[in-house]
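Student: From first to last, the protein sequence lines are chains F and A. The opening position of the first sequence corresponds to residue 15 in our numbering, with each subsequent residue numbered one higher. The opening position of the second sequence corresponds to residue 5 in our numbering, with each subsequent residue numbered one higher. By construction, the Cβ of each residue, glycine as well, lies at the ideal position given by its N, Cα and C atoms. Just so you know, these numbers come straight off a predicted model, no measurement behind them.
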Amino acid sequence: MGMEGIGQRVVRKEDKRFITGKGKYTDDVKLVGMTHAHFVRSPHAHAKVVSIDSAAALAMPGVIAVLTGAELVADRIGNLICGWMVHSKDGSPMKMGAYPAMAPETVRYVGQAVAVVIAETKNQARDAAEAVTVEYEELPAATTVAAALASDAPQLHPEAPGNRVYEWSIGDKAATETAFSGAAHVVSMDITNNRLVPNPMEPRSAVANYDSGDDALTLWTTSQNPHVARLVLSAFYNIAPEHKLRVIAPDVGGGFGSKIYIYPEEIVCLWASRKVNRPIKWTSDRTEAFLTDAHGRDHVSKAEMAFDADHKILGLRVHTYANFGAYMSLFSSSVPTYLYATLLSGQYVIPAIYAEVDGVYTNTVPVDAYRGAGRPEATYLLERMMETAARQFGLDPVDLRRKNFITSFPYQTPVIMTYDAGDYNASLDAALKAIDYAGFPARKAAAAARGKLRGIGFSCYIEACGIAPSKAVGSLGAGVGLWESAEVRVNPVGTVEVLTGSHSHGQGHETTFAQLISERLGIGIDQVSIVHGDTDKVQFGMGTYGSRSGAVGMSAIVKAMDKVEAKARKIAAHLMEAAEGDIVIEGGEFKVAGTDKKMPFALVALAAYTGHNLPDGMEPGLKEGAFYDPTNFTFPAGTYVCEVEIDADTGKTEVVNFVAADDFGRMINPMIVEGQVHGGLAQGIGQALLEGTVYSDDGQLMTASYMDYCMPRADDLPSFDLHHTTTLCPGNPLGIKGCGEAGAIGSPPAVINAITDAIGHNDMSMPATPAKVWAAIHGRAAAE
Amino acid sequence: MYATNFSRAANLADASAKMGAATDGKYLAGGQTLIPTMKQRLAAPSDLIDLTRIPDLSGIKADADTVTIGAATRHYDVATSATVRGAIPAIAALAAGIGDPAVRHMGTIGGSIANNDPAADYPAAVLALGAGIITDKRTIFAEAWFQGMFSTALGTDEIVKAIQFPIPAKAAYAKFPNPASRYALAGVFVAKMKNGSVRVAATGVGEGGVLRFPALEAALQANWSAAALANVAVSPEGLLSDIHGSAEYRANLVNVMARRAVAAAG
Ligand SMILES: Cc1cc2nc3c(=O)[nH]c(=O)nc-3n(C[C@H](O)[C@H](O)[C@H](O)COP(=O)(O)OP(=O)(O)OC[C@H]3O[C@@H](n4cnc5c(N)ncnc54)[C@H](O)[C@@H]3O)c2cc1C
Numbered sequence: 015m016g017m018e019g020i021g022q023r024v025v026r027k028e029d030k031r032f033i034t035g036k037g038k039y040t041d042d043v044k045l046v047g048m049t050h051a052h053f054v055r056s057p058h059a060h061a062k063v064v065s066i067d068s069a070a071a072l073a074m075p076g077v078i079a080v081l082t083g084a085e086l087v088a089d090r091i092g093n094l095i096c097g098w099m100v101h102s103k104d105g106s107p108m109k110m111g112a113y114p115a116m117a118p119e120t121v122r123y124v125g126q127a128v129a130v131v132i133a134e135t136k137n138q139a140r141d142a143a144e145a146v147t148v149e150y151e152e153l154p155a156a157t158t159v160a161a162a163l164a165s166d167a168p169q170l171h172p173e174a175p176g177n178r179v180y181e182w183s184i185g186d187k188a189a190t191e192t193a194f195s196g197a198a199h200v201v202s203m204d205i206t207n208n209r210l211v212p213n214p215m216e217p218r219s220a221v222a223n224y225d226s227g228d229d230a231l232t233l234w235t236t237s238q239n240p241h242v243a244r245l246v247l248s249a250f251y252n253i254a255p256e257h258k259l260r261v262i263a264p265d266v267g268g269g270f271g272s273k274i275y276i277y278p279e280e281i282v283c284l285w286a287s288r289k290v291n292r293p294i295k296w297t298s299d300r301t302e303a304f305l306t307d308a309h310g311r312d313h314v315s316k317a318e319m320a321f322d323a324d325h326k327i328l329g330l331r332v333h334t335y336a337n338f339g340a341y342m343s344l345f346s347s348s349v350p351t352y353l354y355a356t357l358l359s360g361q362y363v364i365p366a367i368y369a370e371v372d373g374v375y376t377n378t379v380p381v382d383a384y385r386g387a388g389r390p391e392a393t394y395l396l397e398r399m400m401e402t403a404a405r406q407f408g409l410d411p412v413d414l415r416r417k418n419f420i421t422s423f424p425y426q427t428p429v430i431m432t433y434d435a436g437d438y439n440a441s442l443d444a445a446l447k448a449i450d451y452a453g454f455p456a457r458k459a460a461a462a463a464r465g466k467l468r469g470i471g472f473s474c475y476i477e478a479c480g481i482a483p484s485k486a487v488g489s490l491g492a493g494v495g496l497w498e499s500a501e502v503r504v505n506p507v508g509t510v511e512v513l514t515g516s517h518s519h520g521q522g523h524e525t526t527f528a529q530l531i532s533e534r535l536g537i538g539i540d541q542v543s544i545v546h547g548d549t550d551k552v553q554f555g556m557g558t559y560g561s562r563s564g565a566v567g568m569s570a571i572v573k574a575m576d577k578v579e580a581k582a583r584k585i586a587a588h589l590m591e592a593a594e595g596d597i598v599i600e601g602g603e604f605k606v607a608g609t610d611k612k613m614p615f616a617l618v619a620l621a622a623y624t625g626h627n628l629p630d631g632m633e634p635g636l637k638e639g640a641f642y643d644p645t646n647f648t649f650p651a652g653t654y655v656c657e658v659e660i661d662a663d664t665g666k667t668e669v670v671n672f673v674a675a676d677d678f679g680r681m682i683n684p685m686i687v688e689g690q691v692h693g694g695l696a697q698g699i700g701q702a703l704l705e706g707t708v709y710s711d712d713g714q715l716m717t718a719s720y721m722d723y724c725m726p727r728a729d730d731l732p733s734f735d736l737h738h739t740t741t742l743c744p745g746n747p748l749g750i751k752g753c754g755e756a757g758a759i760g761s762p763p764a765v766i767n768a769i770t771d772a773i774g775h776n777d778m779s780m781p782a783t784p785a786k787v788w789a790a791i792h793g794r795a796a797a798e
Numbered sequence: 005m006y007a008t009n010f011s012r013a014a015n016l017a018d019a020s021a022k023m024g025a026a027t028d029g030k031y032l033a034g035g036q037t038l039i040p041t042m043k044q045r046l047a048a049p050s051d052l053i054d055l056t057r058i059p060d061l062s063g064i065k066a067d068a069d070t071v072t073i074g075a076a077t078r079h080y081d082v083a084t085s086a087t088v089r090g091a092i093p094a095i096a097a098l099a100a101g102i103g104d105p106a107v108r109h110m111g112t113i114g115g116s117i118a119n120n121d122p123a124a125d126y127p128a129a130v131l132a133l134g135a136g137i138i139t140d141k142r143t144i145f146a147e148a149w150f151q152g153m154f155s156t157a158l159g160t161d162e163i164v165k166a167i168q169f170p171i172p173a174k175a176a177y178a179k180f181p182n183p184a185s186r187y188a189l190a191g192v193f194v195a196k197m198k199n200g201s202v203r204v205a206a207t208g209v210g211e212g213g214v215l216r217f218p219a220l221e222a223a224l225q226a227n228w229s230a231a232a233l234a235n236v237a238v239s240p241e242g243l244l245s246d247i248h249g250s251a252e253y254r255a256n257l258v259n260v261m262a263r264r265a266v267a268a269a270g
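(1) Within 8 Å of any Cβ in chain A, is that where the Cβ of Pro-168(F) sits?
(2) For Ala-96(A), which residues of its own chain have a beta-carbon under 8 Å away from its beta-carbon, when the five flanking residues on both sides are left out?
(3) Report yes or no: is there a C-beta of chain F within less than 8 Å of the C-beta of Gly-249(A)?
(4) Anything in chain F within Cβ reach of Glu-252(A), meaning under 7 Å, just list it in chain order.
(5) Between the C-alpha atoms of Lys-786(F) and Met-778(F), what's the straight-line distance to the nearest angstrom?
(6) Can you check the region 318 to 400 of chain F for any beta strand (DSSP E) of at least 3 residues that lies completely inside it and give the ranges in chain order?
(7) Quick check: is the beta carbon of Asp-663(F) nearer than 8 Å to any beta carbon in chain A?
(8) Applying the 10 Å Cβ sphere with the 16-neighbour rule, what's the burial state of Glu-798(F)?
(9) Closer than 8 Å, CB to CB, is Leu-46(A) near chain F or not?
(10) Could you check if Ile-791(F) is buried or exposed, using at least 16 other CB atoms within 10 Å of its CB as the buried criterion?
(11) Under 8 Å between C-beta atoms, does Asn-120(A) make it to chain F?
(12) Is Ile-599(F) a contact residue of ligand 1, with contact defined as CB to any heavy atom under 7 Å?
(13) If we cut at 8 Å on Cβ distances, does Ala-223(A) have a partner in chain F?
(14) Please go through the region 478 to 544 of chain F and give each complete alpha helix (DSSP H) segment of 4 or more residues, from N-terminal end onward.
(15) Any contact between the region 287 to 298 of chain F and the region 384 to 401 of chain F? By contact I mean 3 or more CB pairs, one from each, below 8 Å.
(16) Between the beta-carbon of His-58(F) and the beta-carbon of Val-131(F), is there less than 8 Å?
(17) Quick check on the DSSP output: the alpha helix (DSSP H) that includes Thr-190(F) runs from which residue to which?
(18) Is it true that the region 333 to 349 of chain F meets the region 214 to 234 of chain F, where meeting means three or more beta-carbon pairs spaced less than 8 Å apart?
(19) Under a CB-based cut-off of 8 Å, is Thr-783(F) close to chain A?
(20) At 9 Å on the CB atoms, spell out the chain F contacts of Pro-183(A), in chain order.
(21) Identify, in the order they occur along the chain, each residue of the same chain with its Cβ nearer than 6 Å to the Cβ of Ala-231(A), setting aside the five sequence neighbours on each side.
(22) Residue ranges of each alpha helix (DSSP H) run of no fewer than 4 residues wholly in the region 99 to 168 of chain F, ordered along the chain?
(23) On the three-pair Cβ rule with 8 Å, is the region 490 to 497 of chain F touching the region 755 to 771 of chain F?
(24) Which residues bound the alpha helix (DSSP H) around Ile-113(A)?
(25) How do the region 727 to 740 of chain F and the region 677 to 694 of chain F stand: do at least 3 beta-carbon pairs fall below 8 Å, yes or no?
(26) Is Asn-235(A) buried or exposed, if buried means 16 or more other CB atoms sit within 10 Å of its CB?
(27) Since Trp-788(F) meets chain A, which of its residues come closer than 9 Å, beta carbon to beta carbon?
(28) Give a yes or no on contact between the region 498 to 507 of chain F and the region 518 to 525 of chain F, applying the rule of three or more CB pairs nearer than 8 Å.
(29) Return the residue from the list Leu-46(A), Ile-53(A), Ala-91(A) and Arg-57(A) that minimises the CA-CA distance to Asp-67(A).
(30) Spatial neighbours of Phe-423(F) within its chain, please: CB distance less than 7 Å, with the 5 preceding and 5 following residues excluded, ordered by chain position.
Quick look at the structure:
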């Protein structure tokens, strides 16, 4: 429609404040009388807390309090919860080890908080924290799944014998066994999905303020879902009832999932603020971020795929071990189960699937959803399998995939999901054209002449976004519903405020949501403001993760807009003495079709608020709300193709060409979509080439800074070649599928497939560092 | 960071006096190593004495046989100096590859040499060229200067004034950066001196910091060409092995980077 409506590459409204330093982040909050918290953290991966002596710290300048886990437990602050119940194969509920916000008795990972110092200044708190003497009795640690499941492994939690959280399964075991017994070919692989540290640019932060006058608390925090935070803090942690707790998530500098969760630090700051009757601020430093932000991925899998003589897939059998870290984080249980195994059909017709997932405790930071959450792990496993199968069969990997594509919709997979719409051949074709597949052999030869090994790799991914019908997730064990809410408030002069339960922490909602209003009313996006991130302003909402803000959040806005528009039409028809059905909205004006009668939207709004001349019985005002509960997940899908060149002498991989052909359904702002894909690809290529989280056997995080943990930088990445094919999502009014995670989901297997193609050696784990690639090329042992 | 006292030295004597008066003072140059270490509370000097405003400590001079770079000269100024580019282009190129622009505009050659990080770039050039480190007390040559990781011959209150590099006939530096830190995973500096002698030093690889590779030197002495190194094995013995690469991988990189450096030197 207009210049700023749906489909326009509108420049982001919020960027002015971000790039001129006017963003308002949690750490920018400064309150009168504000104190500072510094946490005393365990240097051991597993130890008994024998004693804590805070006498010396309490005597230090500026120190207000030193509080410990024992006091927290005594004050009946609840243990951290995991909000998604998963049952084992045998029907037993998952086994949760108690997770207090500060450890009163036992620490289970390096960095776990045991005490907090509250002082007048940040430095005083930090100085005093060093003076708190904690006596530990060290225990043996296990940091990997293999170590934690060993017969002589240390036992982390009394509640979880053998360090097992659950042994879950999905699919039809018998049918899958039958498929394998009749197979002409079986391809099997051991696949590891490397552990990642999320690293949003803004570290976590919390400011808690207890107001003794109102007996109420306010928390400013780096959250992707402030209402969920308030709900959990109230319902489970005994902080304050919801009407006495306001949670504000102001500007948030990236989350990638790691800011979904309610962490110990927020709980402690709220509790402590009431105790000391002062506002408290805590801001993570980068080391604390490495040591305490929920990590991502960390799967070890064995996968087998059965094919018939014609190379059609007959079945898939997977056994995955998920490293959960030392405690169950807020949604961790769902990641390797309902967000992972339900996507194991990929883009393919796989008649029988059986997947088993064992969740395991280890002495590491808790692991939870991180950009893609389960879907990258599923995609990596499947797309490595498909490429490997094609190599074993001597087939073109493109042909093998095409032969097995799902081509009619809706399609019911054997693992819960019903794919609603898609055209996988279309995105594959677009990608092949863009990469010039036919020209690859010539490019490989040219590279060889320059002394480089060139390889090409594919990935045909599918993901499930827009999480999801509340009833469906409820039946699978989710503790919450996953709808979204919106309220559209038209002001008397015709400007519009949209209140949404979605939360923007980099996604550009202030622009895209305004574009929707612009599309509907024909007013400029500067006439619209988006209000989010404050539980006192927005009634309720479920927040932003899983690429749900477009598909679910905007759908709620559409529903509210429908109501606003219906009422405005009535008012306009009444004022212009026309039939309601003759009103058309165009360029910010309400017009009577076939006449020259018209009035600007602002006058319709004004009429609604003066109430001087409204249709009989109509309430004044123009403000409507709506809740939207999706009918299904959405299923973005696409094909990624990666070309690499490898320097055989050093093992260094350069990504020289990267094509992404995505089907995201309708795009509100293609420029923002491209930005989301660029970021996702950077993260996915980062996982494939650069980012490796390493724990020593005794549980020290060896990669706890950027000296050792390699984040992708601009010069590690090529210029991306992005393409789109479109099938609209039939499940929501705008036809949106979501684009926030695709890049991170689809890219890692494309990169590894390209590397293994280049070096002619199929065994390569992520990250494919130069040292590893060199070792593979030269048949040497990789670096430890 | 712990609280500390900051002061600026006007000249060398003033710097020494301030150091003498401090209980546990530290000289500060570009702060690109010392400040991050202090922020992590791994260092806690009582006093920081800033050397960078001392007039004669910055600047670049050359004569027919040497280039002398003041200790407080920033990496950026070395990288862009016409004098350095003319006389020893390998050093300008090395400086241009240190860290990122912000680091290069702050960090100094003296700080790098005094710090002697086992993965820092300058030590490879200093050792390969047999440079002299001129302090306020004496001149110490490269061989004697480097005494193992983060350890040098520098006395506690001694100040590095300048580094004097002999101008070689040919030289080049080839660096394979650690993907994460972008310090050297292996950085090899090759030099053919005007008297015909050849020296090869590598950083990032040695358990004891920067070191020379006599086998590579001998091969190049006989035949100054990349091809001459093709079959010269570098032993992994005594080389670093960590999460970024095994000793064997680093040994390979020394050979590869040496070949690339020789090819670049011409
Ligand atoms: C992000 C980042 C990336 C980096 N990447 C690289 C890289 O790729 N390669 C590389 O080589 N380096 C790298 N560095 C280090 C950088 O080059 C530093 O500048 C250098 O190591 C120290 O120099 P400085 O001037 O900053 O010294 P400072 O940090 O100020 O001091 C370092 C030490 O030297 C002492 N000192 C300084 N000057 C003198 C003097 N004149 N006399 C006596 N003692 C002195 C100080 O007391 C201190 O102990 C990097 C640093 C950062 C922060």
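Tutor: In this structure, then:
(1) Not closer than 8 Å to any Cβ of chain A, the Cβ of Pro-168(F) fails to qualify, so no.
(2) Result list for Ala-96(A): Val-82, Ala-83, Thr-84, Ser-85, Val-88 and Arg-89, in chain order.
(3) At a cut-off of 8 Å between C-beta atoms, Gly-249(A) counts as an interface residue with respect to chain F.
(4) Within 7 Å Cβ-Cβ: Arg-794.
(5) In this structure, the CA atom of Lys-786(F) is about 8 Å from the CA atom of Met-778(F).
(6) Fully enclosed beta strand (DSSP E) runs of 3 or longer: 327 to 337 and 366 to 374.
(7) Residue-level contact check: Asp-663(F) touches chain A, since one or more beta carbons of chain A fall below 8 Å from its beta carbon.
(8) For Glu-798(F), the pLDDT reaches just 41, beneath the cut-off of 50, and the residue's location in the model is therefore unreliable, although a value from the coordinates is still provided. Taking all protein chains shown into account, Glu-798(F) has fewer than 16 neighbouring C-beta atoms within 10 Å of its C-beta and is therefore exposed.
(9) It does not; no Cβ of chain F falls within 8 Å.
(10) Burial call: buried.
(11) Not one beta carbon of chain F lies nearer than 8 Å to the beta carbon of Asn-120(A).
(12) Placement of the Cβ of Ile-599(F) at a distance of 7 Å or more from every heavy atom of ligand 1 is found.
(13) Look at Ala-223(A): its C-beta is not under 8 Å from any C-beta on chain F.
(14) Correct list: 484 to 489 and 523 to 535.
(15) Flag = no, the region 287 to 298 of chain F and the region 384 to 401 of chain F do not touch.
(16) For His-58(F) and Val-131(F), no; Cβs fall outside 8 Å.
(17) Where Thr-190(F) is concerned, the enclosing alpha helix (DSSP H) stretches over 187 to 195.
(18) The region 333 to 349 of chain F vs the region 214 to 234 of chain F: no contact.
(19) For Thr-783(F), the answer is yes, since a Cβ of chain A falls inside 8 Å of its Cβ.
(20) Simply Lys-666, Leu-703, Leu-704, Cys-724, Asp-730, Pro-781, Thr-783 and Pro-784.
(21) A distance below 6 Å between beta-carbons, with the five flanking residues on each side excluded, links Ala-231(A) to no residue of its chain.
(22) Every unbroken stretch of the alpha helix (DSSP H) spanning 4 or more residues and falling wholly within the region 99 to 168 of chain F is given here in chain order: 136 to 145 and 159 to 163.
(23) As far as the Cβ criterion goes, the region 490 to 497 of chain F does not touch the region 755 to 771 of chain F, which means the pair count is below three.
(24) That run of the alpha helix (DSSP H) goes 113 to 119.
(25) Three or more Cβ pairs drawn from the region 727 to 740 of chain F and the region 677 to 694 of chain F lie within less than 8 Å of each other, which places the two stretches in contact.
(26) By the neighbour-count criterion, in which a residue is buried when 16 or more other Cβ atoms sit within 10 angstroms of its Cβ, Asn-235(A) is exposed.
(27) At a C-beta separation below 9 Å, Trp-788(F) has these neighbours in chain A: Gly-249, Tyr-253, Asn-256 and Leu-257.
(28) Judged by Cβ distances under 8 Å, the region 498 to 507 of chain F makes no contact with the region 518 to 525 of chain F, as fewer than three pairs qualify.
(29) Closest option to Asp-67(A), Cα to Cα, is Ala-91(A).
(30) Its chain contains Tyr-433, Asp-434, Ala-435 and Gly-436 as the residues whose beta carbon lies nearer than 7 Å to that of Phe-423(F), once the 5 sequence neighbours on both sides are disregarded; these appear in chain order.
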